[in-house]
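What follows is a single structure, written as structure tokens, with notes after it.
In our numbering, the protein residues as written are 13 to 166.
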């Protein structure tokens, strides 16, 4: 069981294949990183979340932030998802689960009386020095991108 990350903690280092080539946490040094975890490409909530971050992509860039969405889907699925919806955010593939494990987003879930392991919808705002600035532990998709942008600007 991973210790829950909180503001002030050093963000766990990572290395991921993304829709824009390999990326590591240190590639974002000197700027903010919005690292959001989501369950699955091309599902209603995950699509809406990615579209909302895309709608505000220019504002995030202007505020000095990159946006990276992470799920356990393979890179090929991310590429199709990004192309289908013309997404303007990076999508990272965590097929092995190392990144979601280190951020504590792979957890036991319960649906229709059945327990299973799945990705928690959780967002981390990481500062330019690699420390966590804010955590959204239970994301509600509607209005989330705007909330993250407001926190970034504050």
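Where is the CB? At the ideal position from N, CA and C, for every residue including glycine. As the structure is a computational prediction, the values presented were derived from the model and not from experiment.
With distance defined between alpha-carbon atoms, name the residue in 25, 51 and 49 nearest to residue 40. 25
Looking at the structure shown, is residue 132 part of a helix, part of a strand, or coil, going by DSSP? coil
Could you give the C-beta distance for residue 32 and residue 102, rounded to a whole number, given that I count them as a contact under 8 Å? 5 Å
Between the segment 42–54 and the segment 134–154, are three or more C-beta pairs nearer than 8 Å? yes
What does the alpha-carbon distance come out to for the pair residue 28 and residue 19? 23 Å
Quick check on the DSSP output: the beta strand (DSSP E) that includes residue 44 runs from which residue to which? 44–49
Range covered by the beta strand (DSSP E) that runs through residue 160: Here residue 160 belongs to no beta strand (DSSP E); instead the alpha helix (DSSP H) covers 156–165.
Delimiting residues of the alpha helix (DSSP H) encompassing residue 111: 110–114
Quick test of your reading: residue 97 and residue 59, contact by CB under 8 Å. State the CB separation rounded to the nearest angstrom. 6 Å
In the DSSP output, what is residue 20 paired with across the bridge? In the DSSP output, where bridge partners are listed per residue, residue 20 has none listed.
Quick check: the Cα distance between residue 146 and residue 157, rounded to an integer number of angstroms? 14 Å
Given this structure, state the Cα-to-Cα distance separating residue 117 from residue 55, to the nearest angstrom. 18 Å
Please report the distance separating the alpha-carbon of residue 14 from that of residue 149. Note on residue 14: pLDDT 49, under 50, position unreliable in the model; the coordinate value appears next. So the two alpha carbons sit approximately 14 Å from each other.
Classification of residue 38 by the beta-carbon crowding that lies within 10 angstroms, buried from 16 upward: exposed
For residue 109, count the other beta carbons within 10 Å of its own beta carbon; 16 or more makes it buried, fewer makes it exposed. Which is it? exposed
Can you list the alpha helix (DSSP H) stretches of 4 or more residues lying completely in the segment 28–109, in chain order? 56–67, 69–74 and 87–96
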